[in-house]
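Under my numbering, the very last position in the sequence shown is 641; numbers go up by exactly one each time.
Step one of this worksheet: look at the structure below.
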Amino acid sequence: MRRIFPKFKINEDTCTKCLTCQENCPTDAIDIEAEPPEIQKKSCIFCGYCEKACPEGAIETDWKMMRVGSKGNLELYVKELKKAEEQGKFRPYVDYEKII
Ligand code: SF4
Ligand code: SF4
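Written out as structure tokens, the structure is:
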């Protein structure tokens, strides 16, 4: 999935270090205390939750690329989500069937 999707990034100018994203990332991919704050692409499963949860709109990604990358890759995405769940990195909130 890392090859397909663009990285999520934190805008340091607007981030208030409230930790909402870090505390809610299902794979612990976010380190707000790091200098600069970072999102580990290696751990990120590109769920987009942090971008939606940030009250400052400080997390961004290239949504155009995301749409291109996800086209036709939903089955692969779900496969990666299941793998992350088996490894204890991810807890799904919805049925996988509803994603596809
Ligand atoms: S997109 Fe999902 S997995 Fe990636 S950093 Fe954000 S909340 Fe974590
Ligand atoms: S949720 Fe937004 S403002 Fe809060 S720490 Fe994360 S990036 Fe910064």
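Glycine is no exception: its CB is placed at the ideal position from the N, C-alpha and C atoms.
The straight-line gap separating the alpha-carbon atoms of N565 and T557 is approximately 16 Å. The secondary-structure analysis by DSSP pairs K550 across a beta bridge with E601. A direct Cα-to-Cα measurement between I571 and E626 gives close to 18 Å.
With distances taken between CA atoms, T561 lies nearest to G598 out of I545, K582, G598. Between the stretch 600–616 and the stretch 545–553, the count of C-beta pairs closer than 8 Å reaches three or more; the two stretches touch.
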